[in-house]
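Here the structure is laid out as C-alpha coordinates; the discussion comes afterwards.
In the working numbering, the protein residues as written are 18 to 568.
Now the structure itself:
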(Lines of atoms letter the chains of each structure in order from A and count residues from 1; the text may use other names and numbers.)
(Lines give C-alpha, C1' and ligand atoms only; values in the text may rest on other atoms or scores of the structure.)
Protein backbone atom coordinates (compact mmCIF):
# COMPACT_ATOMS: atom_id res chain seq x y z
CA UNK A 1 0.00 0.00 0.00
CA UNK A 2 1.38 3.41 -0.98
CA UNK A 3 0.31 5.66 1.88
CA UNK A 4 1.85 8.73 0.29
CA UNK A 5 -0.80 8.44 -2.42
CA UNK A 6 -3.76 7.59 -0.20
CA UNK A 7 -3.34 10.08 2.65
CA UNK A 8 -4.08 13.35 0.75
CA UNK A 9 -7.25 12.13 -0.98
CA UNK A 10 -9.84 12.78 1.76
CA UNK A 11 -8.78 16.42 2.09
CA UNK A 12 -8.83 16.94 -1.65
CA UNK A 13 -12.31 15.41 -2.01
CA UNK A 14 -13.70 17.54 0.83
CA UNK A 15 -12.27 20.74 -0.65
CA UNK A 16 -13.75 19.91 -4.04
CA UNK A 17 -17.20 19.17 -2.62
CA UNK A 18 -17.23 22.37 -0.56
CA UNK A 19 -16.36 24.35 -3.68
CA UNK A 20 -19.21 22.73 -5.53
CA UNK A 21 -16.79 21.48 -8.16
CA UNK A 22 -16.29 18.11 -9.75
CA UNK A 23 -13.12 16.35 -8.64
CA UNK A 24 -10.34 16.82 -11.21
CA UNK A 25 -7.27 14.63 -10.72
CA UNK A 26 -4.17 16.63 -9.90
CA UNK A 27 -1.26 16.26 -12.31
CA UNK A 28 1.25 13.63 -11.18
CA UNK A 29 4.23 15.00 -9.27
CA UNK A 30 7.41 15.48 -11.27
CA UNK A 31 9.87 12.60 -11.03
CA UNK A 32 12.94 13.06 -8.86
CA UNK A 33 16.08 13.29 -11.01
CA UNK A 34 19.10 11.42 -9.65
CA UNK A 35 22.47 11.24 -11.40
CA UNK A 36 24.62 8.20 -10.59
CA UNK A 37 28.31 8.44 -11.54
CA UNK A 38 30.36 5.26 -11.47
CA UNK A 39 33.67 3.61 -12.24
CA UNK A 40 35.17 0.17 -11.77
CA UNK A 41 38.56 -1.58 -11.70
CA UNK A 42 40.48 1.60 -10.97
CA UNK A 43 43.53 -0.29 -9.65
CA UNK A 44 45.11 2.84 -8.23
CA UNK A 45 45.91 4.41 -11.60
CA UNK A 46 46.20 7.93 -10.27
CA UNK A 47 48.25 9.08 -13.23
CA UNK A 48 47.24 9.00 -16.88
CA UNK A 49 47.88 5.90 -19.02
CA UNK A 50 48.33 7.13 -22.60
CA UNK A 51 47.41 3.86 -24.33
CA UNK A 52 44.85 2.38 -21.92
CA UNK A 53 41.78 3.17 -24.05
CA UNK A 54 41.30 2.16 -27.67
CA UNK A 55 38.52 3.49 -29.88
CA UNK A 56 37.49 2.80 -33.50
CA UNK A 57 39.84 4.56 -35.92
CA UNK A 58 37.76 6.91 -38.14
CA UNK A 59 40.43 6.78 -40.84
CA UNK A 60 40.68 2.97 -40.88
CA UNK A 61 37.35 1.13 -40.53
CA UNK A 62 37.70 -2.08 -38.57
CA UNK A 63 40.81 -0.89 -36.73
CA UNK A 64 41.30 0.90 -33.44
CA UNK A 65 43.53 3.70 -32.26
CA UNK A 66 44.82 4.60 -28.78
CA UNK A 67 42.95 7.52 -27.20
CA UNK A 68 44.86 9.52 -24.56
CA UNK A 69 43.04 9.73 -21.24
CA UNK A 70 43.63 11.78 -18.11
CA UNK A 71 44.65 11.05 -14.55
CA UNK A 72 42.86 11.49 -11.24
CA UNK A 73 43.09 15.30 -11.38
CA UNK A 74 41.25 15.27 -14.72
CA UNK A 75 38.77 12.68 -13.48
CA UNK A 76 38.00 15.15 -10.68
CA UNK A 77 37.19 17.80 -13.28
CA UNK A 78 34.88 15.50 -15.22
CA UNK A 79 33.07 14.55 -12.02
CA UNK A 80 32.59 18.23 -11.17
CA UNK A 81 31.24 18.90 -14.66
CA UNK A 82 28.76 16.02 -14.39
CA UNK A 83 27.59 17.14 -10.94
CA UNK A 84 27.06 20.74 -12.02
CA UNK A 85 23.39 21.71 -12.02
CA UNK A 86 22.36 18.36 -10.52
CA UNK A 87 20.50 18.69 -7.23
CA UNK A 88 20.77 14.93 -6.58
CA UNK A 89 23.88 12.93 -7.42
CA UNK A 90 26.04 10.11 -6.07
CA UNK A 91 29.44 8.63 -7.01
CA UNK A 92 29.86 4.85 -6.60
CA UNK A 93 32.13 2.02 -7.81
CA UNK A 94 32.10 -1.68 -8.64
CA UNK A 95 35.29 -2.84 -6.94
CA UNK A 96 39.02 -3.37 -7.53
CA UNK A 97 39.78 0.20 -6.62
CA UNK A 98 43.13 -0.97 -5.24
CA UNK A 99 45.42 -3.93 -5.80
CA UNK A 100 47.69 -4.48 -8.83
CA UNK A 101 48.46 -0.78 -8.54
CA UNK A 102 51.32 1.32 -9.92
CA UNK A 103 54.22 2.11 -7.61
CA UNK A 104 52.84 5.57 -6.77
CA UNK A 105 50.02 3.88 -4.86
CA UNK A 106 51.48 0.49 -3.98
CA UNK A 107 54.58 1.92 -2.29
CA UNK A 108 52.23 3.39 0.31
CA UNK A 109 50.00 0.30 0.66
CA UNK A 110 47.39 1.92 -1.62
CA UNK A 111 46.63 4.65 0.89
CA UNK A 112 47.03 7.34 -1.83
CA UNK A 113 44.26 5.76 -3.89
CA UNK A 114 41.86 5.62 -0.96
CA UNK A 115 42.67 9.24 -0.06
CA UNK A 116 42.21 10.36 -3.69
CA UNK A 117 38.83 8.65 -3.91
CA UNK A 118 37.85 10.39 -0.67
CA UNK A 119 38.73 13.71 -2.33
CA UNK A 120 36.67 12.73 -5.39
CA UNK A 121 33.62 12.18 -3.16
CA UNK A 122 33.16 8.44 -3.65
CA UNK A 123 30.36 7.17 -1.39
CA UNK A 124 30.19 3.38 -1.84
CA UNK A 125 31.92 0.53 -3.66
CA UNK A 126 31.53 -3.19 -4.10
CA UNK A 127 34.30 -5.35 -2.69
CA UNK A 128 36.58 -6.51 -5.51
CA UNK A 129 38.85 -9.53 -5.46
CA UNK A 130 41.94 -7.30 -5.51
CA UNK A 131 40.82 -5.56 -2.33
CA UNK A 132 41.78 -8.87 -0.69
CA UNK A 133 45.24 -9.26 -2.24
CA UNK A 134 46.83 -8.47 1.12
CA UNK A 135 44.23 -10.27 3.23
CA UNK A 136 41.05 -9.43 5.15
CA UNK A 137 42.79 -7.43 7.90
CA UNK A 138 44.41 -5.08 5.39
CA UNK A 139 41.07 -4.63 3.59
CA UNK A 140 39.50 -3.61 6.88
CA UNK A 141 42.41 -1.25 7.62
CA UNK A 142 41.84 0.54 4.33
CA UNK A 143 38.21 0.98 5.33
CA UNK A 144 38.75 2.02 8.93
CA UNK A 145 42.14 3.71 8.84
CA UNK A 146 45.27 3.37 10.93
CA UNK A 147 48.95 3.08 10.08
CA UNK A 148 50.28 -0.04 8.39
CA UNK A 149 51.21 -2.61 11.07
CA UNK A 150 54.72 -3.13 9.67
CA UNK A 151 55.69 0.00 7.77
CA UNK A 152 53.74 2.59 9.74
CA UNK A 153 52.42 5.74 8.07
CA UNK A 154 54.57 7.03 5.19
CA UNK A 155 52.15 9.58 3.76
CA UNK A 156 51.92 13.28 4.51
CA UNK A 157 49.34 12.61 7.25
CA UNK A 158 48.22 9.60 9.34
CA UNK A 159 45.97 7.36 7.25
CA UNK A 160 42.32 7.90 8.23
CA UNK A 161 40.75 5.24 6.01
CA UNK A 162 38.00 5.37 3.42
CA UNK A 163 35.22 7.89 3.83
CA UNK A 164 33.24 5.74 1.39
CA UNK A 165 31.72 2.41 2.40
CA UNK A 166 32.82 -0.93 0.97
CA UNK A 167 29.85 -3.29 0.45
CA UNK A 168 29.50 -7.03 -0.03
CA UNK A 169 26.26 -8.90 0.45
CA UNK A 170 27.76 -12.23 -0.60
CA UNK A 171 30.97 -12.27 1.45
CA UNK A 172 30.57 -13.84 4.88
CA UNK A 173 32.99 -14.23 7.78
CA UNK A 174 32.73 -17.96 8.42
CA UNK A 175 33.40 -17.63 12.17
CA UNK A 176 30.45 -15.29 12.73
CA UNK A 177 28.11 -15.77 9.78
CA UNK A 178 28.02 -12.00 9.29
CA UNK A 179 28.92 -10.19 6.08
CA UNK A 180 32.53 -8.98 5.86
CA UNK A 181 31.29 -5.51 4.86
CA UNK A 182 27.71 -4.19 5.01
CA UNK A 183 25.48 -5.64 2.28
CA UNK A 184 24.03 -2.32 1.13
CA UNK A 185 24.06 1.46 1.40
CA UNK A 186 20.99 3.73 1.24
CA UNK A 187 21.09 7.35 0.16
CA UNK A 188 18.12 9.70 0.40
CA UNK A 189 17.40 12.20 -2.37
CA UNK A 190 14.58 14.51 -1.29
CA UNK A 191 11.42 12.42 -1.14
CA UNK A 192 13.01 9.20 -2.40
CA UNK A 193 15.83 6.83 -1.47
CA UNK A 194 18.11 4.67 -3.58
CA UNK A 195 19.57 1.42 -2.30
CA UNK A 196 23.01 0.26 -3.50
CA UNK A 197 23.72 -3.48 -3.06
CA UNK A 198 27.37 -4.52 -3.11
CA UNK A 199 28.33 -7.88 -4.62
CA UNK A 200 31.79 -9.48 -4.77
CA UNK A 201 32.97 -12.01 -7.32
CA UNK A 202 31.80 -15.48 -6.30
CA UNK A 203 35.04 -16.89 -7.73
CA UNK A 204 37.27 -14.65 -5.58
CA UNK A 205 39.00 -17.65 -3.90
CA UNK A 206 40.24 -18.83 -7.31
CA UNK A 207 41.90 -15.50 -8.17
CA UNK A 208 43.35 -14.50 -4.78
CA UNK A 209 46.06 -16.24 -2.78
CA UNK A 210 44.57 -18.44 -0.03
CA UNK A 211 45.75 -16.13 2.76
CA UNK A 212 43.81 -13.31 1.14
CA UNK A 213 40.45 -15.02 1.66
CA UNK A 214 41.19 -16.92 4.87
CA UNK A 215 38.05 -17.09 7.00
CA UNK A 216 35.76 -15.79 4.24
CA UNK A 217 33.09 -17.51 2.15
CA UNK A 218 31.58 -16.23 -1.11
CA UNK A 219 28.07 -17.08 -2.35
CA UNK A 220 26.37 -16.78 -5.74
CA UNK A 221 26.05 -13.19 -6.95
CA UNK A 222 22.41 -13.21 -8.08
CA UNK A 223 21.26 -15.25 -5.07
CA UNK A 224 22.83 -12.70 -2.72
CA UNK A 225 21.08 -9.83 -4.49
CA UNK A 226 17.77 -11.63 -4.18
CA UNK A 227 18.27 -12.17 -0.44
CA UNK A 228 18.84 -8.47 0.17
CA UNK A 229 16.10 -6.98 -2.01
CA UNK A 230 13.20 -7.81 0.38
CA UNK A 231 15.08 -6.21 3.28
CA UNK A 232 15.50 -2.97 1.34
CA UNK A 233 11.90 -2.93 0.14
CA UNK A 234 10.70 -3.45 3.71
CA UNK A 235 12.42 -0.14 4.49
CA UNK A 236 10.51 1.58 1.70
CA UNK A 237 13.40 1.55 -0.79
CA UNK A 238 12.17 0.69 -4.29
CA UNK A 239 14.93 2.22 -6.45
CA UNK A 240 17.68 -0.42 -6.42
CA UNK A 241 21.17 -0.37 -7.93
CA UNK A 242 23.55 -3.35 -7.81
CA UNK A 243 27.30 -2.66 -7.61
CA UNK A 244 28.74 -5.98 -8.77
CA UNK A 245 32.35 -7.03 -9.20
CA UNK A 246 31.54 -9.39 -12.03
CA UNK A 247 30.88 -8.59 -15.65
CA UNK A 248 30.78 -9.63 -19.26
CA UNK A 249 32.93 -9.78 -22.36
CA UNK A 250 31.51 -7.44 -25.03
CA UNK A 251 32.14 -6.62 -28.65
CA UNK A 252 31.75 -3.12 -30.03
CA UNK A 253 32.35 0.38 -28.68
CA UNK A 254 32.21 1.78 -25.17
CA UNK A 255 28.46 2.44 -25.37
CA UNK A 256 27.50 -0.68 -27.31
CA UNK A 257 26.08 -3.89 -25.92
CA UNK A 258 26.80 -7.39 -27.14
CA UNK A 259 27.94 -9.11 -23.98
CA UNK A 260 28.66 -12.72 -23.11
CA UNK A 261 25.66 -14.91 -22.20
CA UNK A 262 26.84 -15.56 -18.63
CA UNK A 263 26.27 -11.92 -17.64
CA UNK A 264 22.89 -11.86 -19.34
CA UNK A 265 21.74 -14.95 -17.45
CA UNK A 266 23.04 -13.58 -14.14
CA UNK A 267 21.09 -10.34 -14.58
CA UNK A 268 17.95 -12.25 -15.57
CA UNK A 269 18.17 -14.24 -12.34
CA UNK A 270 18.09 -11.07 -10.23
CA UNK A 271 14.89 -9.91 -8.56
CA UNK A 272 12.79 -7.82 -10.95
CA UNK A 273 12.92 -4.97 -8.42
CA UNK A 274 16.55 -4.30 -9.42
CA UNK A 275 16.70 -1.30 -11.75
CA UNK A 276 20.41 -0.89 -12.58
CA UNK A 277 23.50 -3.12 -12.48
CA UNK A 278 26.91 -1.40 -12.42
CA UNK A 279 29.43 -4.17 -13.12
CA UNK A 280 33.19 -4.69 -13.41
CA UNK A 281 36.01 -7.23 -13.15
CA UNK A 282 36.43 -7.93 -16.88
CA UNK A 283 38.03 -4.53 -17.61
CA UNK A 284 35.68 -4.00 -20.54
CA UNK A 285 33.22 -1.23 -21.44
CA UNK A 286 29.56 -1.68 -22.33
CA UNK A 287 26.21 0.03 -21.94
CA UNK A 288 23.29 -2.38 -22.04
CA UNK A 289 19.65 -2.90 -21.32
CA UNK A 290 19.25 -6.51 -20.16
CA UNK A 291 15.90 -7.85 -19.03
CA UNK A 292 14.61 -4.31 -18.70
CA UNK A 293 17.48 -2.96 -16.54
CA UNK A 294 20.44 -0.80 -17.41
CA UNK A 295 23.74 -2.74 -17.13
CA UNK A 296 27.05 -0.88 -17.46
CA UNK A 297 30.81 -1.20 -17.13
CA UNK A 298 33.40 1.59 -17.45
CA UNK A 299 36.38 -0.48 -18.60
CA UNK A 300 39.25 0.09 -16.11
CA UNK A 301 42.04 2.35 -14.78
CA UNK A 302 39.84 5.47 -14.66
CA UNK A 303 39.76 5.84 -18.45
CA UNK A 304 35.95 6.08 -18.45
CA UNK A 305 33.25 7.39 -16.14
CA UNK A 306 29.71 6.03 -16.35
CA UNK A 307 26.81 8.48 -16.06
CA UNK A 308 23.38 7.03 -15.27
CA UNK A 309 20.40 9.38 -15.07
CA UNK A 310 17.46 8.03 -13.05
CA UNK A 311 13.93 9.35 -12.94
CA UNK A 312 12.18 8.19 -9.77
CA UNK A 313 8.42 8.51 -9.19
CA UNK A 314 7.97 10.07 -5.71
CA UNK A 315 4.67 8.18 -5.26
CA UNK A 316 5.90 4.66 -6.04
CA UNK A 317 9.50 5.55 -5.04
CA UNK A 318 10.61 3.41 -7.99
CA UNK A 319 12.69 4.13 -11.07
CA UNK A 320 10.51 4.94 -14.06
CA UNK A 321 13.35 5.72 -16.47
CA UNK A 322 17.09 5.08 -16.59
CA UNK A 323 19.58 6.17 -19.23
CA UNK A 324 23.33 5.58 -19.24
CA UNK A 325 26.41 6.75 -21.09
CA UNK A 326 30.11 5.96 -20.75
CA UNK A 327 32.18 9.14 -20.88
CA UNK A 328 35.89 9.32 -21.74
CA UNK A 329 38.12 10.98 -19.13
CA UNK A 330 39.80 13.08 -21.79
CA UNK A 331 43.45 14.03 -21.55
CA UNK A 332 42.69 17.65 -22.47
CA UNK A 333 40.39 18.23 -19.49
CA UNK A 334 41.60 20.90 -17.06
CA UNK A 335 43.39 19.52 -14.02
CA UNK A 336 41.82 19.95 -10.61
CA UNK A 337 44.47 21.88 -8.63
CA UNK A 338 43.70 20.15 -5.34
CA UNK A 339 44.23 16.69 -6.84
CA UNK A 340 47.29 17.85 -8.79
CA UNK A 341 48.90 19.04 -5.55
CA UNK A 342 47.92 15.76 -3.87
CA UNK A 343 49.68 13.77 -6.62
CA UNK A 344 52.75 15.97 -6.51
CA UNK A 345 53.32 15.31 -2.82
CA UNK A 346 53.20 11.53 -3.22
CA UNK A 347 55.37 11.70 -6.36
CA UNK A 348 57.95 13.65 -4.37
CA UNK A 349 57.98 10.96 -1.70
CA UNK A 350 58.31 8.01 -4.10
CA UNK A 351 60.54 9.77 -6.65
CA UNK A 352 63.99 8.42 -5.68
CA UNK A 353 62.81 4.80 -5.92
CA UNK A 354 60.50 5.18 -8.91
CA UNK A 355 62.92 7.07 -11.11
CA UNK A 356 65.88 4.72 -10.79
CA UNK A 357 66.83 3.46 -14.27
CA UNK A 358 66.93 -0.32 -14.68
CA UNK A 359 67.80 -0.83 -18.36
CA UNK A 360 67.43 0.41 -21.91
CA UNK A 361 65.41 -1.88 -24.15
CA UNK A 362 66.18 -2.61 -27.79
CA UNK A 363 62.45 -2.46 -28.60
CA UNK A 364 59.19 -2.18 -26.65
CA UNK A 365 57.33 -5.25 -25.34
CA UNK A 366 53.54 -5.28 -25.74
CA UNK A 367 50.88 -7.25 -23.88
CA UNK A 368 48.88 -8.00 -27.04
CA UNK A 369 47.79 -11.65 -27.24
CA UNK A 370 48.52 -13.20 -30.63
CA UNK A 371 46.78 -16.12 -32.37
CA UNK A 372 48.97 -18.58 -30.48
CA UNK A 373 47.87 -17.14 -27.13
CA UNK A 374 51.26 -15.56 -26.48
CA UNK A 375 52.44 -12.04 -25.74
CA UNK A 376 55.89 -10.50 -26.16
CA UNK A 377 56.02 -9.35 -22.57
CA UNK A 378 54.60 -12.59 -21.18
CA UNK A 379 57.44 -14.56 -22.75
CA UNK A 380 60.01 -12.07 -21.44
CA UNK A 381 58.70 -12.43 -17.88
CA UNK A 382 58.80 -16.22 -18.14
CA UNK A 383 62.42 -16.03 -19.31
CA UNK A 384 63.25 -13.77 -16.36
CA UNK A 385 61.65 -16.15 -13.88
CA UNK A 386 63.46 -19.13 -15.36
CA UNK A 387 66.79 -17.32 -15.06
CA UNK A 388 66.04 -16.34 -11.45
CA UNK A 389 65.19 -19.91 -10.40
CA UNK A 390 67.87 -21.94 -12.19
CA UNK A 391 69.53 -22.41 -8.83
CA UNK A 392 66.41 -24.28 -7.65
CA UNK A 393 66.70 -26.60 -10.64
CA UNK A 394 64.09 -24.86 -12.81
CA UNK A 395 63.78 -26.12 -16.38
CA UNK A 396 60.54 -24.34 -17.37
CA UNK A 397 58.82 -21.17 -16.17
CA UNK A 398 55.16 -20.34 -16.78
CA UNK A 399 53.67 -16.86 -16.30
CA UNK A 400 49.93 -16.27 -15.96
CA UNK A 401 48.28 -13.75 -18.29
CA UNK A 402 46.41 -11.95 -15.51
CA UNK A 403 49.64 -11.11 -13.72
CA UNK A 404 50.98 -8.98 -16.59
CA UNK A 405 49.48 -5.58 -15.89
CA UNK A 406 51.13 -3.09 -18.28
CA UNK A 407 53.33 -3.02 -21.39
CA UNK A 408 57.04 -2.31 -21.07
CA UNK A 409 58.48 0.60 -23.02
CA UNK A 410 57.16 2.40 -26.06
CA UNK A 411 58.31 3.68 -29.41
CA UNK A 412 59.68 6.81 -27.75
CA UNK A 413 60.52 5.29 -24.36
CA UNK A 414 63.10 2.54 -24.22
CA UNK A 415 64.82 3.66 -21.01
CA UNK A 416 63.04 1.67 -18.29
CA UNK A 417 62.71 2.84 -14.69
CA UNK A 418 61.86 0.82 -11.61
CA UNK A 419 58.36 2.34 -11.69
CA UNK A 420 57.91 0.92 -15.22
CA UNK A 421 58.99 -2.55 -14.09
CA UNK A 422 56.75 -2.40 -11.05
CA UNK A 423 53.74 -1.43 -13.19
CA UNK A 424 54.22 -4.65 -15.15
CA UNK A 425 54.23 -6.88 -12.04
CA UNK A 426 52.72 -5.08 -9.04
CA UNK A 427 51.61 -8.11 -6.99
CA UNK A 428 54.90 -8.91 -5.28
CA UNK A 429 54.33 -12.66 -5.65
CA UNK A 430 57.18 -14.95 -4.68
CA UNK A 431 58.54 -17.41 -7.25
CA UNK A 432 57.98 -21.09 -6.45
CA UNK A 433 59.86 -23.92 -8.16
CA UNK A 434 58.34 -27.41 -7.95
CA UNK A 435 58.54 -30.87 -9.46
CA UNK A 436 55.68 -32.21 -11.59
CA UNK A 437 55.40 -34.96 -14.20
CA UNK A 438 54.91 -34.50 -17.92
CA UNK A 439 51.33 -35.72 -17.50
CA UNK A 440 50.69 -33.11 -14.82
CA UNK A 441 52.23 -30.43 -17.01
CA UNK A 442 49.81 -31.31 -19.80
CA UNK A 443 46.88 -31.10 -17.36
CA UNK A 444 48.07 -27.65 -16.28
CA UNK A 445 48.25 -26.44 -19.87
CA UNK A 446 44.76 -27.80 -20.59
CA UNK A 447 43.33 -25.36 -18.03
CA UNK A 448 44.07 -22.44 -20.34
CA UNK A 449 41.17 -20.66 -22.06
CA UNK A 450 42.23 -21.55 -25.58
CA UNK A 451 39.02 -20.46 -27.32
CA UNK A 452 39.00 -16.89 -25.94
CA UNK A 453 42.79 -16.62 -25.46
CA UNK A 454 42.14 -16.04 -21.75
CA UNK A 455 43.97 -17.43 -18.69
CA UNK A 456 46.97 -18.11 -20.91
CA UNK A 457 50.26 -19.34 -19.46
CA UNK A 458 53.28 -17.78 -21.15
CA UNK A 459 56.20 -20.19 -21.50
CA UNK A 460 59.93 -19.65 -21.09
CA UNK A 461 62.50 -20.12 -23.84
CA UNK A 462 63.38 -23.76 -24.53
CA UNK A 463 59.90 -25.15 -23.83
CA UNK A 464 57.27 -25.49 -26.57
CA UNK A 465 54.05 -27.31 -27.42
CA UNK A 466 51.17 -27.29 -29.90
CA UNK A 467 47.44 -26.93 -29.24
CA UNK A 468 44.49 -27.67 -31.50
CA UNK A 469 40.93 -26.33 -31.15
CA UNK A 470 39.67 -29.24 -33.28
CA UNK A 471 40.58 -31.63 -30.47
CA UNK A 472 38.05 -32.09 -27.62
CA UNK A 473 38.10 -29.82 -24.57
CA UNK A 474 40.51 -31.21 -21.98
CA UNK A 475 42.71 -32.70 -24.69
CA UNK A 476 43.58 -29.65 -26.79
CA UNK A 477 47.32 -29.93 -26.16
CA UNK A 478 48.90 -32.37 -28.61
CA UNK A 479 50.52 -34.92 -26.23
CA UNK A 480 53.65 -35.66 -28.22
CA UNK A 481 54.30 -31.96 -28.88
CA UNK A 482 55.61 -31.09 -25.40
CA UNK A 483 59.30 -30.35 -25.98
CA UNK A 484 62.07 -29.20 -23.66
CA UNK A 485 65.34 -28.12 -25.26
CA UNK A 486 64.47 -30.08 -28.39
CA UNK A 487 63.51 -33.33 -26.62
CA UNK A 488 60.02 -34.70 -26.09
CA UNK A 489 58.66 -34.66 -22.53
CA UNK A 490 57.18 -38.03 -21.63
CA UNK A 491 54.12 -38.37 -19.33
CA UNK A 492 56.15 -39.98 -16.54
CA UNK A 493 59.15 -37.64 -16.85
CA UNK A 494 59.76 -35.31 -13.90
CA UNK A 495 60.37 -31.63 -14.67
CA UNK A 496 61.13 -28.64 -12.47
CA UNK A 497 58.68 -25.81 -13.16
CA UNK A 498 58.64 -22.26 -11.78
CA UNK A 499 55.47 -20.19 -11.35
CA UNK A 500 54.53 -17.33 -9.05
CA UNK A 501 53.01 -18.09 -5.65
CA UNK A 502 49.51 -17.13 -6.81
CA UNK A 503 49.52 -19.77 -9.56
CA UNK A 504 51.39 -22.27 -7.37
CA UNK A 505 48.46 -22.21 -4.94
CA UNK A 506 45.93 -22.92 -7.70
CA UNK A 507 45.20 -19.35 -8.76
CA UNK A 508 43.29 -18.88 -12.05
CA UNK A 509 42.09 -22.47 -11.51
CA UNK A 510 45.48 -24.07 -12.21
CA UNK A 511 44.74 -26.43 -9.34
CA UNK A 512 47.00 -29.23 -10.59
CA UNK A 513 50.01 -27.19 -9.46
CA UNK A 514 48.97 -27.66 -5.83
CA UNK A 515 50.22 -31.23 -6.26
CA UNK A 516 53.76 -30.13 -7.13
CA UNK A 517 56.47 -31.50 -4.84
CA UNK A 518 59.91 -30.42 -3.59
CA UNK A 519 58.90 -26.77 -3.54
CA UNK A 520 61.57 -24.10 -3.28
CA UNK A 521 60.66 -20.44 -2.76
CA UNK A 522 62.68 -17.82 -4.60
CA UNK A 523 62.75 -14.12 -5.42
CA UNK A 524 59.73 -11.85 -5.58
CA UNK A 525 58.60 -11.74 -9.22
CA UNK A 526 59.28 -8.03 -9.77
CA UNK A 527 62.83 -8.49 -8.44
CA UNK A 528 63.41 -11.33 -10.88
CA UNK A 529 62.26 -9.19 -13.79
CA UNK A 530 64.35 -6.22 -12.67
CA UNK A 531 67.49 -8.34 -12.38
CA UNK A 532 66.96 -9.94 -15.80
CA UNK A 533 66.42 -6.59 -17.50
CA UNK A 534 69.49 -5.09 -15.83
CA UNK A 535 71.65 -8.05 -16.86
CA UNK A 536 70.45 -8.02 -20.48
CA UNK A 537 70.38 -4.48 -21.89
CA UNK A 538 69.02 -4.01 -25.40
CA UNK A 539 66.42 -6.78 -25.16
CA UNK A 540 64.00 -7.21 -28.05
CA UNK A 541 60.90 -9.45 -28.33
CA UNK A 542 61.52 -13.07 -29.28
CA UNK A 543 59.49 -13.75 -32.46
CA UNK A 544 59.71 -17.55 -32.20
CA UNK A 545 56.47 -19.10 -30.90
CA UNK A 546 56.56 -21.38 -27.89
CA UNK A 547 52.87 -22.27 -27.83
CA UNK A 548 51.71 -22.95 -31.38
CA UNK A 549 48.12 -23.24 -32.56
CA UNK A 550 47.53 -26.01 -35.08
CA UNK A 551 45.76 -24.40 -38.04
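Just so you know, even glycine gets a beta-carbon here, dropped at the ideal spot from N, CA and C.
For residue 94, the enclosing alpha helix (DSSP H) covers residues 89-100. The count of Cβ pairs closer than 8 Å, one atom from the stretch 78-87 and one from the stretch 103-121, stays below three, leaving the stretches out of contact. Residue 439 sits in a helix when the DSSP states are folded into three classes. Between residue 446 and residue 541 the beta-carbon gap is near 7 Å, inside 8 Å, which marks them as a contact. Within the model, the alpha-carbon separation for residue 480 versus residue 391 is close to 13 Å. Distance from the CA of residue 560 to the CA of residue 196, rounded to the nearest whole angstrom, comes to 49 Å. In this structure, residue 456 lies away from residue 564, with their beta-carbon atoms at least 8 Å apart. Counting along the chain, the unbroken beta strand (DSSP E) around residue 183 starts and ends at 182-184. By the C-beta criterion, the stretch 251-262 is judged not to be in contact with the stretch 270-279, since fewer than 3 inter-stretch pairs fall below 8 Å. Excluding the 5 residues flanking it on each side, residue 536 has same chain C-beta neighbours closer than 8 Å at 449, 450, 451 and 521, in chain order. Excluding sequence positions up to five before and after residue 140, its CB lies within less than 8 Å of the CB of 107, 108, 109, 181, 182, 202 and 204, all in the same chain and listed in chain order. Looking at 337, 126 and 118, the one whose alpha-carbon comes closest to that of residue 50 is 337.
By the Cβ test, the stretch 120-136 is not in contact with the stretch 343-352, since fewer than three Cβ pairs between them sit closer than 8 Å. With a cutoff of 8 Å on beta-carbon distance, residue 380 and residue 557 are scored as near each other.
Between residue 554 and residue 376, the C-beta spacing is below 8 Å. Residue 128 is a Cβ neighbour of residue 176, given a cutoff of 8 Å. When 241, 318, 162 and 154 are compared, the shortest CA-CA separation from residue 188 is found for 241. In this chain, the beta strand (DSSP E) harbouring residue 511 covers 511-517.
Here residue 352 is not bridged, per DSSP, to any residue. In terms of Cβ geometry, residue 147 and residue 317 do not form a close pair [threshold 8 Å]. The residues 164 and 176, in chain order, have a CB closer than 6 Å to that of residue 170 in the same chain once the five nearest residues on each side in sequence are set aside. Taken through DSSP and simplified to helix, strand or coil, residue 238 comes out as helix. DSSP places residue 140 in the coil class of the three-state scheme, outside both helix and strand. For the set 142, 360, 321 and 236, the Cα lying nearest the Cα of residue 133 is the one of 360. The closest CA to that of residue 111, considering only 294, 395 and 130, is found on 294.
Here residue 70 has 84, 86 and 320 as same chain residues with Cβ atoms under 6 Å from its own Cβ, once five neighbours each way along the sequence are excluded.
Nearest to residue 174 by C-alpha distance, out of 347, 366 and 498, is 366.
Between the stretch 151-159 and the stretch 221-239 there are three or more C-beta pairs closer than 8 Å, enough to call the two in contact. Beta-bridge analysis with DSSP links residue 73 to 81. Counting other Cβ atoms within 10 Å of its Cβ, residue 368 stays below 16 and is therefore classed as exposed. Here the C-alpha atom of residue 487 lies approximately 46 Å from the C-alpha atom of residue 53. Counted as a single uninterrupted DSSP element, the stretch harbouring residue 481 is not any alpha helix (DSSP H) but the beta strand (DSSP E) occupying residues 480-484.
In this structure, the alpha-carbon of residue 548 lies about 17 Å from that of residue 416. For the pair residue 131 and residue 159, the CB atoms are nearer than the 8 Å cut-off. A distance below 6 Å between beta-carbons, with the five flanking residues on each side excluded, links residue 308 to the following residues of its chain, in chain order: 284 and 285.
Per DSSP, the continuous alpha helix (DSSP H) segment holding residue 543 begins and ends at 542-552.
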